[in-house]
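To start, the structure under review is shown below, and the notes come after it.
There are 4 protein chains.
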Amino acid sequence: MVRVGRPSGPAEATAEVVLRAALTLLLEEGGAALTPQRLHQLTSVSRATIYRHWPTPTDVLAALIDVAPDPERPLTGDPVRDVHAEVDALCDRLHEKPVATFLQALVAMAATDPAAVELRQRYVDGLIAPFYRALNGADLPPTEVKDAVAAIVSPLLVDALLLDRPAARVRAHRVVDLHVRPSSARQEADPASSHGRPGRE
Amino acid sequence: MVRVGRPSGPAEATAEVVLRAALTLLLEEGGAALTPQRLHQLTSVSRATIYRHWPTPTDVLAALIDVAPDPERPLTGDPVRDVHAEVDALCDRLHEKPVATFLQALVAMAATDPAAVELRQRYVDGLIAPFYRALNGADLPPTEVKDAVAAIVSPLLVDALLLDRPAARVRAHRVVDLHVRPSSARQEADPASSHGRPGRE
Amino acid sequence: MVRVGRPSGPAEATAEVVLRAALTLLLEEGGAALTPQRLHQLTSVSRATIYRHWPTPTDVLAALIDVAPDPERPLTGDPVRDVHAEVDALCDRLHEKPVATFLQALVAMAATDPAAVELRQRYVDGLIAPFYRALNGADLPPTEVKDAVAAIVSPLLVDALLLDRPAARVRAHRVVDLHVRPSSARQEADPASSHGRPGRE
Amino acid sequence: MVRVGRPSGPAEATAEVVLRAALTLLLEEGGAALTPQRLHQLTSVSRATIYRHWPTPTDVLAALIDVAPDPERPLTGDPVRDVHAEVDALCDRLHEKPVATFLQALVAMAATDPAAVELRQRYVDGLIAPFYRALNGADLPPTEVKDAVAAIVSPLLVDALLLDRPAARVRAHRVVDLHVRPSSARQEADPASSHGRPGRE
DNA sequence: ATTTAACCGAGACGGTACGTCCCGTCTTTAC
DNA sequence: GTAAAGACGGGACGTACCGTCTCGGTTAAAT
Numbered sequence: 001m002v003r004v005g006r007p008s009g010p011a012e013a014t015a016e017v018v019l020r021a022a023l024t025l026l027l028e029e030g031g032a033a034l035t036p037q038r039l040h041q042l043t044s045v046s047r048a049t050i051y052r053h054w055p056t057p058t059d060v061l062a063a064l065i066d067v068a069p070d071p072e073r074p075l076t077g078d079p080v081r082d083v084h085a086e087v088d089a090l091c092d093r094l095h096e097k098p099v100a101t102f103l104q105a106l107v108a109m110a111a112t113d114p115a116a117v118e119l120r121q122r123y124v125d126g127l128i129a130p131f132y133r134a135l136n137g138a139d140l141p142p143t144e145v146k147d148a149v150a151a152i153v154s155p156l157l158v159d160a161l162l163l164d165r166p167a168a169r170v171r172a173h174r175v176v177d178l179h180v181r182p183s184s185a186r187q188e189a190d191p192a193s194s195h196g197r198p199g200r201e
Numbered sequence: 001m002v003r004v005g006r007p008s009g010p011a012e013a014t015a016e017v018v019l020r021a022a023l024t025l026l027l028e029e030g031g032a033a034l035t036p037q038r039l040h041q042l043t044s045v046s047r048a049t050i051y052r053h054w055p056t057p058t059d060v061l062a063a064l065i066d067v068a069p070d071p072e073r074p075l076t077g078d079p080v081r082d083v084h085a086e087v088d089a090l091c092d093r094l095h096e097k098p099v100a101t102f103l104q105a106l107v108a109m110a111a112t113d114p115a116a117v118e119l120r121q122r123y124v125d126g127l128i129a130p131f132y133r134a135l136n137g138a139d140l141p142p143t144e145v146k147d148a149v150a151a152i153v154s155p156l157l158v159d160a161l162l163l164d165r166p167a168a169r170v171r172a173h174r175v176v177d178l179h180v181r182p183s184s185a186r187q188e189a190d191p192a193s194s195h196g197r198p199g200r201e
Numbered sequence: 001m002v003r004v005g006r007p008s009g010p011a012e013a014t015a016e017v018v019l020r021a022a023l024t025l026l027l028e029e030g031g032a033a034l035t036p037q038r039l040h041q042l043t044s045v046s047r048a049t050i051y052r053h054w055p056t057p058t059d060v061l062a063a064l065i066d067v068a069p070d071p072e073r074p075l076t077g078d079p080v081r082d083v084h085a086e087v088d089a090l091c092d093r094l095h096e097k098p099v100a101t102f103l104q105a106l107v108a109m110a111a112t113d114p115a116a117v118e119l120r121q122r123y124v125d126g127l128i129a130p131f132y133r134a135l136n137g138a139d140l141p142p143t144e145v146k147d148a149v150a151a152i153v154s155p156l157l158v159d160a161l162l163l164d165r166p167a168a169r170v171r172a173h174r175v176v177d178l179h180v181r182p183s184s185a186r187q188e189a190d191p192a193s194s195h196g197r198p199g200r201e
Numbered sequence: 001m002v003r004v005g006r007p008s009g010p011a012e013a014t015a016e017v018v019l020r021a022a023l024t025l026l027l028e029e030g031g032a033a034l035t036p037q038r039l040h041q042l043t044s045v046s047r048a049t050i051y052r053h054w055p056t057p058t059d060v061l062a063a064l065i066d067v068a069p070d071p072e073r074p075l076t077g078d079p080v081r082d083v084h085a086e087v088d089a090l091c092d093r094l095h096e097k098p099v100a101t102f103l104q105a106l107v108a109m110a111a112t113d114p115a116a117v118e119l120r121q122r123y124v125d126g127l128i129a130p131f132y133r134a135l136n137g138a139d140l141p142p143t144e145v146k147d148a149v150a151a152i153v154s155p156l157l158v159d160a161l162l163l164d165r166p167a168a169r170v171r172a173h174r175v176v177d178l179h180v181r182p183s184s185a186r187q188e189a190d191p192a193s194s195h196g197r198p199g200r201e
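Chains as they are written, first to last, in UniProt numbering: chain A, 1 to 201; chain B, 1 to 201; chain C, 1 to 201; chain D, 1 to 201.
Quick look at the structure:
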C-alpha cells in the first residue's frame with residue numbers, strides 16, 4: 001500500500017522541545033508535574049498537540065525513558081569486579097537524580113495508570129539486568145544469584161525511593177563482598193581485598 | 001480560662017465513619033482516592049466537615065496510620081530467632097495489603113505534599129525499628145547491624161513497592177542466616193540450622 | 001422533612017447579573033452568542049456557576065422569557081377594536097427587538113436542542129393567544145377565527161423572522177378588516193370605518 | 001495569457017459525492033451538521049479538499065440550493081386557478097421536507113453568517129415569486145396583490161418554520177378565495193365556486 | 001512525452017470552546 | 001460550637017472541531 005500524505009508522528013522540533021521541557025519539569029517538580037497543561041505552559045506547544053502525541057503523562061515518561069538508554073558497560077570477565085563496577089554505575093545514576101526521579105514518578109503514576117505499572121516493571125528490570133549479566137560468570141547457583149542481586153540492589157533503591165538519601169555506596173560494596181565470593185573462596189577470603197576501589201560515598 | 005460549650009474535635013461517630021470509609025477507599029482505589037469529595041460521597045458526611053477535621057488528604061492518611069499501630073512482639077532473647085520472627089511478621093503485614101498500600105500511598109503523596117514526606121519517613125522507621133530492636137542482643141558492630149537490616153528489609157519493601165509481588169519470605173530468612181550469625185560462629189555455623197522454621201511462602 | 005442548609009438556586013445577585021448580560025448578548029449578537037463562555041466573559045461569573053444553574057443555552061433563554069411576560073391588555077368588548085389593538089401591540093413588541101430576536105434564537109436553537117422546540121411552541125402560542133382572546137366576542141365560526149388569526153399574525157412573524165424588516169403594520173390592519181367583519185355586516189361595511197386609527201408604520 | 005495545466009475546480013466526482021452527503025446530512029441532522037468535519041467523515045473526502053471548494057457551510061448550502069431549482073409551472077391565464085396551483089405546489093414542496101429544512105437551516109445560519117442572510121432572502125423570494133407571477137393577470141391593485149401573497153404564503157411558512165406541522169393546505173385555499181376574487185365579482189361571488197379542487201390535506 | 005498547474009489525501013499544528021470534575025472557601029440555615 | 005446544604009470562583013481535565021499549513025503523490029490538459 002502506497003503511503004500518501006504527510007508523514008505521521010510529531011515533527012522533530014515539536015517532540016524535542018516538549019521532551020526537553022518534560023525532563024526539566026520532572027527533575028524540578030516531580031512526576032506529578034508531567035501534565036499536558038504544564039508542558040503547554042513551558043513550551044507554548046498547543047495542548048491539543050501534546051494530547052495527540054502523548055495521550056497520557058505515562059506516555060511522556062515512556063518517551064523520556066526511551067531517549068536516554070543506559071549504555072552497557074564492558075565486562076572484564078571477573079564477576080566480582082564487574083559487580084562492583086555496576087554498583088558504582090547504579091549509585092552514580094541514582095545520585096545524578098534522573099533515575100531516582102524516574103523511579104519516584106513511576107511509582108506514583110502506577111497508582112493511577114495501569115500502563116505505568118508495566119513501564120515501571122520494565123524500568124526496574126533494566127536497572128537490575130546489568131547485575132545479572134555481571135554475575136553470569138560467577139559459578140553461583142541461581143538462587144544465590146537472585147539473593148545477591150536483591151541484597152545488593154534493593155537497599156540502594158529503598159534509599160532513593162523511601163528515604164530520600166544518597167545511595168549507600170560503600171555498604172553496597174560490602175554486601176557484594178559478602179554475597180559474591182565464590183563459595184570455595186569463602187573461608188580463605190581476604191576481607192580487605194576490595195579496598196583498592198575508590199570509596200566515593 | 002474555663003472552657004465553655006461543645007468540646008472540640010470531630011464527634012466520635014463522624015470520625016469513625018469517615019476513617020472507616022477512608023480505609024476502604026485506600027485499599028480499593030489507592031491513595032489518590034483519599035479526597036474530601038470521595039469521602040463525602042461514601043459517608044454522606046458533609047464536605048465542609050471533612051475539611052474542618054482533616055484539611056488535607058495527608059491528614060486523613062496520618063489518622064489512618066495512627067489508629068492501627070503495630071503491636072510489639074515479645075523478645076525471646078535469641079537475636080536470630082527474634083529477627084526471623086520479625087521477618088515473618090513484616091511479610092504477613094505486607095501480604096495483608098494495608099501496609100503495602102500505605103507505603104504506595106505515602107510515596108505517591110510525598111511527591112506532592114511535603115508533610116507526607118515526614119510521615120513516610122516515620123512510617124518506614126516504624127517498619128524497620130523492630131529489626132534493630134531484635135538485633136540489639138546480637139554482639140554485632142553497628143555497621144553490620146545496619147547492613148543486615150538493610151539487606152533483610154529492603155528486598156521485601158522493593159517487592160511490595162516496585163514489583164507488585166508478594167514479599168519473598170524465604171529469601172529474607174536466608175539473608176538473615178547469612179548476616180546475623182554472630183561473627184564468632186561464622187566458621188563453624190551449620191547452614192541447615194534454620195530449616196526448622198515453617199516456610200509459609 | 002425539615003429543610004437544612006443553604007437554600008438552593010442561584011443567589012439573586014448572580015441570577016440578575018447573568019440574565020442581564022444574557023439579554024444584552026442576545027440582542028446584540030443573536031441567540032448563538034448565548035454560550036456559557038460568553039456569559040462568563042461578560043459577567044465574570046464563573047463558568048462552573050453558569051453551568052450549575054443553566055446547563056444549556058436553552059435554559060438561559062427560557063429564564064429570559066420568564067422574566068419578561070407580556071402584560072395583558074384590557075378588552076373593550078368590541079372584537080374589531082380589540083384585534084386592532086393587539087396588532088399594534090404585537091408590532092410594537094416585534095419592533096422593539098426582543099421578541100423578534102427571541103423568535104430567531106428559538107428557531108435556531110430548536111434546530112439543535114429538542115427542549116427548545118417545546119419552548120418555541122409555547123412562546124409562539126403566547127404571541128398568538130391574545131388574538132384568540134380578542135376574537136372570542138366576535139360571532140365567527142371557529143374555522144374563520146383560525147383563518148383570521150393565521151392571516152393576521154403570520155405575515156408579521158415572517159417579516160420579523162425571514163425578511164428582517166419591520167412588521168407590516170398597516171397591511172395587518174387591512175387584513176383584520178377583511179377577515180373580522182361580522183359576516184352580516186360585510187355587504188354594508190363602510191371600508192373607511194377603520195381609518196381613524198393612527199397609521200404608525 | 002494562455003491557460004496551462006489542469007483546469008481549476010473540483011473534480012466532478014468529488015463535488016457530487018460531497019453534495020449528496022450534504023443533502024443527506026441536512027435532512028437528517030439539520031443545518032448545523034453541515035460542517036467540513038461531518039462531510040469528511042461521511043464521504044472520506046479529505047477535509048482540506050472540502051475547505052478548498054466550499055470554505056464555509058453557507059457555501060455548501062448555496063451549492064445545494066443551486067442544484068435543485070424549482071421548475072416553473074405553466075400558467076393557464078386564469079389567475080385564481082394559477083394561484084391555487086401554486087398553493088398546492090408550495091405545500092407539496094414544504095411537505096417533502098427539503099424546502100422546509102432549507103428554510104430552517106437558512107434561518108439558523110443567518111444568525112451567524114451574514115452571507116447566509118442574503119442567501120435566505122433570495123431563497124424566500126424564490127418561493128414567493130411564483131405567486132406574484134400567477135397574480136399578474138388578475139386586475140388587482142399592487143397593494144392588494146402584496147396583501148394577498150402575504151396572507152396566502154406566510155401562514156404556510158410559519159407552519160413549516162415555527163410550528164413544525166404540515167402546511168395548512170385547505171386554509172390556504174380558502175384564503176386565496178377570500179383575497180383573489182376580482183373586486184368586481186365580490187358581491188356576486190359564489191363562495192362554493194372553488195370546491196371542485198381536490199382537497200389533499 | 002513532457003511540462004505544469006491543480007487536485008487530493010494525510011496529518012501536524014495552534015487555537016478555542018466545550019462540558020465535567022474537583023478543589024478550597026464561603027454563606028446560609030438548623031440544631 | 002457543630003454540622004449540613006449548597007453557592008461560588010478557580011483551574012485542570014480530556015475532547016472536539018475549527019481553519020491553516022505542509023507534505024507527498026496523482027491527474028489532466030497544453031505543449
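No residue lacks a Cβ here, since even glycine has one placed at the ideal position from N, Cα and C.
Could you tell me how far apart the beta carbons of residue i and residue j are, in whole angstroms, since I believe they sit closer than 8 Å?
{"i": "B/A104", "j": "B/G31", "result": "Checking the sequence shown, residue 104 of chain B turns out to be Gln, not Ala. About 7 Å separates the two Cβ atoms, so the contact holds."}
{"i": "A/L61", "j": "A/L94", "result": "Between A/L94 and A/L61 the Cβ distance is about 17 Å, and since that is not below 8 Å, they are no contact."}
{"i": "A/A138", "j": "A/P79", "result": "4 Å"}
{"i": "C/V107", "j": "D/L161", "result": "6 Å"}
{"i": "D/V67", "j": "D/L127", "result": "The Cβ separation is near 17 Å, so there is no contact."}
Taking the alpha-carbon positions, what's the residue i to residue j distance?
{"i": "D/R55", "j": "C/L140", "result": "Before going further, note that residue 55 of chain D is Pro rather than Arg in the sequence given. Between D/P55 and C/L140, the C-alpha separation is close to 54 Å."}
{"i": "B/D113", "j": "C/E28", "result": "49 Å"}
{"i": "D/A116", "j": "A/Q41", "result": "39 Å"}
{"i": "C/A134", "j": "C/L163", "result": "27 Å"}
{"i": "B/E72", "j": "B/E16", "result": "24 Å"}
{"i": "D/N136", "j": "D/M109", "result": "33 Å"}
{"i": "C/L75", "j": "D/V87", "result": "36 Å"}
{"i": "B/H179", "j": "B/P69", "result": "28 Å"}
{"i": "C/R47", "j": "C/Q37", "result": "7 Å"}
{"i": "C/P142", "j": "C/Y132", "result": "10 Å"}
{"i": "C/A89", "j": "C/A167", "result": "11 Å"}
{"i": "C/D177", "j": "D/P155", "result": "18 Å"}
{"i": "D/R52", "j": "D/L119", "result": "21 Å"}
{"i": "A/R6", "j": "D/T49", "result": "15 Å"}
{"i": "D/A124", "j": "C/T58", "result": "Per the sequence presented here, residue 124 of chain D reads as Val, with Ala not at that position. Going from the Cα of D/V124 to the Cα of C/T58 covers about 27 Å."}
{"i": "C/D147", "j": "D/A111", "result": "30 Å"}
{"i": "B/L157", "j": "A/H84", "result": "23 Å"}
{"i": "B/L39", "j": "B/V45", "result": "8 Å"}
{"i": "A/R165", "j": "A/D159", "result": "6 Å"}
For the candidate residues the options, whose alpha-carbon lies nearest to that of residue i?
{"i": "D/P130", "options": "D/M109, D/I152, D/D113 and D/T112", "result": "D/I152"}
{"i": "D/L25", "options": "D/E118, D/F102, D/D88 and D/P69", "result": "D/F102"}
{"i": "C/D82", "options": "C/S154, C/V149 and C/E118", "result": "C/V149"}
{"i": "C/V170", "options": "D/V107, D/A63, D/E144 and D/L157", "result": "D/E144"}
{"i": "C/A22", "options": "C/T49, C/V124 and C/L64", "result": "C/L64"}
- Is the region 80 to 97 of chain D close to the region 10 to 21 of chain C, with three or more CB pairs under 8 Å? no
- Runs of alpha helix (DSSP H) wholly within the region 1 to 32 of chain A (minimum 4 residues, chain order): 12 to 29
- Item | Segments of 4+ residues assigned as alpha helix (DSSP H) that fall wholly inside the region 125 to 169 of chain A | 142 to 161
- Which ranges would you report for the alpha helix (DSSP H) in the region 86 to 120 of chain D if only whole runs of at least 4 residues count? 98 to 110
- Message: Just to confirm the assignment: which complete alpha helix (DSSP H) runs, minimum length 4, are found wholly within the region 49 to 80 of chain A?
- Response: 57 to 67
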